[in-house]
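> Sharing a structure here in structure tokens format.
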Amino acid sequence: MNKRIFIFLFIIGALCLCGCADDFATKINLDGNSSEGEFNSEAALYGTVQDNYGKPIAGVLVSDGMQTTETDAKGNWQLFSDLKLRRFVFVTIPAGYEVPSKNGIPQFWQRIPENEKQFKADFTLMKRAGSGDRYTILMTADPQIRAKTAGTDKYMFHSIDIYEDMCKDMKELAASITDRPVYSICLGDMVHNNMSLWEDYCEGLKDFSFPVFHVIGNHDHIQNAASDDLAVAEYEKYLGPTNYAVDLGQVHYIFLDNIEMADNSALTASATGAYKNGLSEEAVEWLRSHLSHVDKNKILMVCGHTSFYKKIGYDPSVSDLNASVYTGLFSAYKFVHSWAGHNHDYYNYAYAAEETSPKYPNVESHILGRSTGMLGLNASVTSDGGPRGYLVIDVDGENITWKFKACGYEEGKKLENLPADWQLRAYAPNEQGWYTSGKVYVNVWNYDAHWGPVYYSDSGKTKVAMSKDKTHDGYANSLYEQYKDQYTVLAYTTTPHMFSIEPSEGATSATIETTDRFGNRYTASVSW
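Throughout the sequence shown, residue numbering follows mature numbering (1 follows the signal peptide of the UniProt record, and there is no 0), covering -21 to -1, 1 to 507 in sequence.
Structure follows, in structure tokens:
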């Protein structure tokens, strides 16, 4: 025990003996921090945040999952928490400091021991050598691994094998990036109802040289728990708090649990429990407290399992739990990118580009397809025809760009014929009977309204813009037709990122080209 702490404890004891504890307790400001670096004896949680040189760090956000406070000039913090209701205390790692990780999992929290009346949690953060403003994020969604013996994991490929392929591909890509930090984000449904598979999931991360931030999905909950609070226990055991944040460079990242499970105690553990989309009262309380400390000029990257904003045919910002609260909070910020999985299909919606009078001009909604392919089949495509893979997001200051990356492995084998930069797939007229209209179709799975036109050229047409055509992807639909009677969860799927055109009479080949929102040009050729 160092001299300062000894003197501090001696003073507390003396004040208590003199009946002066109330005077000591008045040395506190509005957010719970004590003045002059002193701790309040009634604070249930307290501690110090310092750097790897032992110097205190001021202004670090510390939270118990409900309240948020900041460290003072001496790096000290305290919270008047009800420890019967709190399980973690954690920091928001500020820009300029490394994200500590163990076996691929970020280490920014401490678990509060049960039955404690007071808990001291100190945190040490390592200063970053450079600014950290430039970095890459590998973003995945819904690996949703199942046991190989599961009846729903037997059709084409095993989900664990395809998940391992994804991990191998990500490690390979990360190793090739040597001039900036790499991080990863998984947007939930790491497992599928089976809580015994958390070890298998974490096994895939253990050799990662970069940290993976997670959000909890509906299938990551204990499906037959009596409450949402109880349903998160296994996730928390392996991955920590379900609502938290981090500063990476100049951008602020928020990770939220937007699945509220019902009382599903009457179900079996393998069943899928009922739930509501949106933020619980506890999550809203944490978000409101947290954002009160975040500069409104920040760009927010908000990650949840299910989208907070526009989906295909559904707007969560209107009807989800506490939607008016979170949209109101986010509307105050410079710009918000909302990232989600859950639907297993690719979809982007930029309000400012899609709407004449945009409802949320500072918001874009991004939904990723299932990184391990069509559910149950674990096929090479998702149900909307997007390939297995993930997003590669490059950030440089406030400049954020992204591109799809197809997974280069299947059952451990390198896919030799995979296009190096695969961003669209073209279908010839009536290809394999998948279409009967005589048109040429193309699927541009990462498309949004900021992209340029999708141009078509053949022997009689030169750079004619193709029309959006909300129809199915040919190959994905063929898998649906093949397996729908065996795996009844599969559904016929149309997609908003299909384009079509009538080919010129006598044409036997065509070229399609388009340019994404960041100026990257992509082409595809097709012949018949």
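Note that the Cβ used here is the ideal one computed from N, Cα and C, for glycine as well.
Is it right to say L64 is buried, meaning 16 or more other beta carbons lie within 10 angstroms of its own, or is it exposed?
Locating residue 64 in the sequence shown gives position 85, counting from the first residue. Its Cβ having fewer than 16 others within 10 Å, L64 is exposed.
> Going by Cα to Cα distance, which pick from D30, S42, R66 is closest to K53?
Taking the sequence shown and counting its residues from 1, the one referred to as residue 53 is at position 74. Residue D30 is the option with its Cα nearest to K53.
> What is the C-beta distance between A100 and Q86, in whole angstroms, given that I count them as a contact (C-beta under 8 Å)?
Here residue 100 corresponds to residue number 121 of the sequence shown, with the count starting at 1. Here residue 86 corresponds to residue number 107 of the sequence shown, with the count starting at 1. Contact flag wrong, Cβ pair sits at about 13 Å.
> Report all residues from its chain with a CB closer than 6 Å to the CB of A204; omit the five preceding and five following residues, and keep chain order.
The residue labelled residue 204 in the question sits at position 225 within the sequence shown. So the qualifying residues of the chain are A210.
> Assuming S110 and Q123 are in contact, meaning their beta carbons sit under 8 Å apart, how far apart are those beta carbons, in whole angstroms?
For this step, residue 110 is matched to residue 131 along the sequence shown. For this step, residue 123 is matched to residue 144 along the sequence shown. Their Cβ separation, rounded to whole angstroms, is 37 Å, which puts S110 and Q123 out of contact at 8 Å.
> In whole angstroms, give me the CA-to-CA distance for residue 509 and A153.
Only positions -21 to 507 of the chain appear in the structure, and residue 509 is not among them; the question remains open.
> Here's the rule: buried if 16 or more other CB atoms are within 10 angstroms of the residue's CB, otherwise exposed. What is D1?
The residue labelled residue 1 in the question sits at position 22 within the sequence shown. Reliability of the predicted coordinates at D1 is poor, the pLDDT of 31 falling under 50, and no value is obtained from them.
> Pick out the complete beta strand (DSSP E) segments inside the region 197 to 253, 3 residues or longer, and give them in chain order.
223 to 227, 230 to 234, 238 to 240
> Using 8 Å as the threshold, is the region 40 to 57 in touch with the region 240 to 255, meaning 3 or more CB pairs across them?
no
> Taking only three categories from DSSP, how would you classify R500?
What you label residue 500 is simply residue 521 of the sequence shown in a count that begins at 1. Note: R500 maps to strand in three-state DSSP.
> Please tell me whether Y142 and G183 are closer than 8 Å, where the distance is taken between their beta carbons.
The residue you call residue 142 lines up with position 163 of the sequence shown. The residue you call residue 183 lines up with position 204 of the sequence shown. Yes, the pair counts as a contact, with Cβ atoms nearer than the cut-off.
> Go ahead and pull the three-state DSSP assignment for N456.
Walking along the sequence shown from the start, residue 456 turns up at place 477. N456: helix per DSSP, three-state reduction.
> In the DSSP assignment, find the unbroken beta strand (DSSP E) run with I346 in it and report its ends.
Walking along the sequence shown from the start, residue 346 turns up at place 367. Start and end: 342 to 346.
> Return yes when the Cβ of V374 is within less than 8 Å of the Cβ of R107, no when it is not.
Stepping through the sequence shown from its first residue, residue 107 is reached at position 128. Stepping through the sequence shown from its first residue, residue 374 is reached at position 395. Result no, Cβ atoms of R107 and V374 do not sit closer than 8 Å.
> Would you say D427 touches the ligand NAP, meaning its beta carbon is less than 7 Å from a heavy atom?
This structure lacks the ligand NAP; in fact it carries no ligand of any kind.
> For G80, which of helix, strand or coil comes out of DSSP?
Position 101 of the sequence shown, counting from 1, holds the residue named residue 80. Residue 80 is actually Ser in this sequence, not Gly. In the three-state DSSP reduction, S80 falls in the strand class (E or B).
> Count Cβ pairs between the region 495 to 507 and the region 386 to 394 that sit closer than 8 Å; are there 3 or more?
no
> Can you have a look at N425 and say buried or exposed, based on whether 16 or more other CB atoms are within 10 angstroms of its CB?
Against the sequence shown, residue 425 aligns to sequence position 446. The residue in question, N425, is buried, as its Cβ has 16 or more Cβ neighbours within 10 Å.
> Can you tell me which of the three DSSP states W177 falls into?
Taking the first residue of the sequence shown as 1, we reach residue 177 at position 198. Looking at W177 - three-state DSSP - the assignment turns out to be helix.
> Taking the C-alpha atoms as reference points, what is the distance between A489 and S479?
By one-based count along the sequence shown, residue 489 stands at place 510. By one-based count along the sequence shown, residue 479 stands at place 500. Each residue's alpha carbon lies about 12 Å from the other.
> So the candidates are L227, A37, A126; which of them puts its Cα closest to the Cα of residue 517?
Here the chain covers residues -21 to 507 and nothing more, so residue 517 does not appear.
> Using a threshold of 8 Å, state whether the C-beta atoms of T306 and S298 are closer than that.
For the purposes of this step, residue 306 is identified with residue 327 of the sequence shown, where counting begins at 1. For the purposes of this step, residue 298 is identified with residue 319 of the sequence shown, where counting begins at 1. For T306 and S298, no; Cβs fall outside 8 Å.
> Just tell me which of F309, A245, K277, L227 has its CA closest to the CA of V263.
Residue 263 sits at position 284 when you count from the first residue of the sequence shown. Considering only alpha carbons, the answer is F309.
> Since V304 is in the alpha helix (DSSP H), which residue starts that stretch and which ends it?
Here residue 304 refers to the residue found at position 325 of the sequence shown. Its alpha helix (DSSP H) spans residues 302 to 309.
> State yes or no: is the C-beta of W318 within less than 8 Å of the C-beta of M45?
Taking the first residue of the sequence shown as 1, we reach residue 318 at position 339. Taking the first residue of the sequence shown as 1, we reach residue 45 at position 66. No, the Cβ-Cβ distance between W318 and M45 is not below 8 Å.
> When DSSP labels each residue in this structure, what does M145 get in the three-state scheme?
Here residue 145 corresponds to residue number 166 of the sequence shown, with the count starting at 1. Correct three-state label for M145: helix.
> Closer than 6 Å by C-beta to G(-9): which residues in its own chain qualify, once you throw out the five before and the five after it? Chain order, please.
To locate residue -9, count along the sequence shown from 1; it is residue 13. Below a pLDDT of 50, predicted positions are generally treated as unreliable, and G(-9), at 41, falls in that range; the measurement from the model is reported next regardless. Answer for G(-9): no residue qualifies.
> Could you spell out the range, first to last residue, of the beta strand (DSSP E) harbouring V41?
Walking along the sequence shown from the start, residue 41 turns up at place 62. 40 to 42 is the extent of the beta strand (DSSP E) around V41.
> Please report the residue range of the alpha helix (DSSP H) in which L270 lies.
Numbered from its first residue, the sequence shown carries residue 270 at position 291. Taken as a continuous stretch (DSSP letters only), the alpha helix (DSSP H) holding L270 covers 260 to 270.
> DSSP three-state label for S331, please.
Counting from 1 along the sequence shown, the entry for residue 331 is found at position 352. Note on identity: in this sequence residue 331 is Ala, with Ser being the wrong assignment. Of the three classes helix, strand and coil, the one that applies to A331 here is helix, per DSSP.
> How is L370 classed by DSSP in three states: helix, strand or coil?
For the purposes of this step, residue 370 is taken as the residue at position 391 of the sequence shown. Here L370 sits in strand by DSSP.
> Based on Cα-Cα distance, which residue from H321, K275, R500 lies nearest to G257?
Taking the sequence shown and counting its residues from 1, the one referred to as residue 257 is at position 278. The option with the nearest alpha carbon to G257 is H321.
> Out of curiosity, what's the CA-to-CA distance linking S359 and G365?
Along the sequence shown, read from residue 1 onward, the residue named residue 359 stands at position 380. Along the sequence shown, read from residue 1 onward, the residue named residue 365 stands at position 386. If I take the Cα positions, the gap works out to 9 Å.
> Provide the residue(s) that pair with T71 in DSSP beta bridges, ordered along the chain.
One-based indexing of the sequence shown puts residue 71 at position 92. In the DSSP output, where bridge partners are listed per residue, T71 has L40.
> For K96, tell me which candidate among N82, A74, L58 has the shortest Cα-Cα distance.
One-based indexing of the sequence shown puts residue 96 at position 117. Closest option to K96, Cα to Cα, is L58.
> Quick check on the burial criterion: 16 or more other C-beta atoms within 10 angstroms. Buried or exposed for N276?
Locating residue 276 in the sequence shown gives position 297, counting from the first residue. So N276 counts as exposed.
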